Each structure stands twice: as C-alpha cells, then as structure tokens.
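Residue numbers for the sequence shown follow UniProt numbering, beginning at 1 and rising by one. Backbone N, C-alpha and C fix where the C-beta goes; we use that ideal spot for every residue, glycine too. From a predicted model like this one, the values you see are computed outputs, not experimental measurements.
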Amino acid sequence: MPLEHLHEQAHARQPKRSFVQYRLDRPGFITPIGHHLSTALRYTCLIRSISSAGAVLSINRTLTLPENFYLEIQGIRDGIPCTEFKRDGDEMVVRFNMFLDTEFLKVVLGRPADLHEA
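Here is the structure:
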C-alpha cells in the first residue's frame with residue numbers, strides 16, 4: 001500500500017489516530033501555491049485513495065509541481081493543503097498538512113453513517 005509508510009510516520013506522532021485508507025477513485029484538482037500565495041493554475045488529477053493523513057493521486061507524469069499545493073476534491077469546495085511525499089511515474093503520494101476531520105472524511109466518501117475503521 002503506497003500510504004503505508006506515511007501512516008507509520010503519522011501513527012508514531014499521533015498513536016491514538018487511525019489512518020484507514022479508503023478507495024475513492026474520484027476526480028480532483030491540484031492548485032500549486034505560487035509567488036505571494038497566488039493560485040492561478042489548476043491541474044486535474046484522479047484521487048485513487050484517501051485517509052485522514054494523506055492521499056494517492058494519479059497525475060500526468062510530465063507535470064512539474066512545487067512541493068506544496070492545494071488538493072480539491074470534485075464536488076467539495078474546500079481545498080486541502082498538501083505536501084508531496086513520494087512520486088513514481090504517474091502516481092504521487094501526498095500527506096495533508098493537517099489531519100482531515102472524521103466528519104469531513106465522511107462527506108468526501110459520501111458516507112453519512114459512522115465509518116467503521118478496521
């Protein structure tokens with residue numbers, strides 16, 4: 001699992017949190033953070049999986065991005081500040097600059113009922 005190493009690091013810092021990875025396969029947008037925090041450009045991606053600590057994205061392998069950017073999930077207005085963790089070809093693992101709230105993660109997954117984390 002691509003997020004496994006990221007989850008191990010996050011778990012060491014926050015041992016009581018659960019970092020279950022959920023398959024999402026949902027379109028998203030990457031907005032690089034430019035000079036003076038401008039966000040003029042926006043690129044499409046596919047969000048393969050997500051957890052409260054990070055996500056796995058499919059992106060154009062030729063796309064050059066800064067280390068930090070915003071990830072927007074299609075249908076959800078708020079952007080999530082991210083940092084690139086690992087990139088291999090057209091797959092990029094990102095960590096969120098803050099953990100996603102459980103309620104927000106439920107909205108992203110389209111699950112109004114309680115999440116059952118194994």
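Reduced DSSP category for residue i - H, G, I as helix; E, B as strand; rest coil
{"i": "L65", "result": "coil"}
{"i": "L57", "result": "strand"}
{"i": "V94", "result": "strand"}
{"i": "F99", "result": "coil"}
{"i": "L71", "result": "strand"}
{"i": "F19", "result": "coil"}
{"i": "L41", "result": "coil"}
Proximity to residue i [Cα-Cα], best of the options
{"i": "Q21", "options": "A55, L46, L41", "result": "A55"}
{"i": "T31", "options": "E91, L41, D88", "result": "L41"}
{"i": "P81", "options": "F104, R26, F96", "result": "F96"}
{"i": "Y70", "options": "T62, G89, I47, K106", "result": "I47"}
{"i": "F99", "options": "S52, E91, K86", "result": "S52"}
{"i": "F104", "options": "L65, R77, V94", "result": "R77"}
{"i": "R87", "options": "G110, K106, F19, L65", "result": "L65"}
Other residues of its chain near residue i: CB distance less than 8 Å, five sequence neighbours each side excluded
{"i": "Q74", "result": "R26, P27, G28, F29"}
{"i": "R61", "result": "G89, D90"}
Contacts around residue i, its chain only, beta-carbon distance under 6 Å, and the 5 residues preceding and following it disregarded
{"i": "N68", "result": "I33, T83"}
{"i": "C45", "result": "G28, I30, L57, I59"}
{"i": "R23", "result": "S49"}
Neighbourhood of residue i by C-beta distance below 7 Å, restricted to the same chain and skipping five residues each side
{"i": "G79", "result": "T31, Y70, L71, E72"}
{"i": "L63", "result": "Y43"}
{"i": "V94", "result": "G54, A55, L57, L71, C82, T83, E84, F85"}
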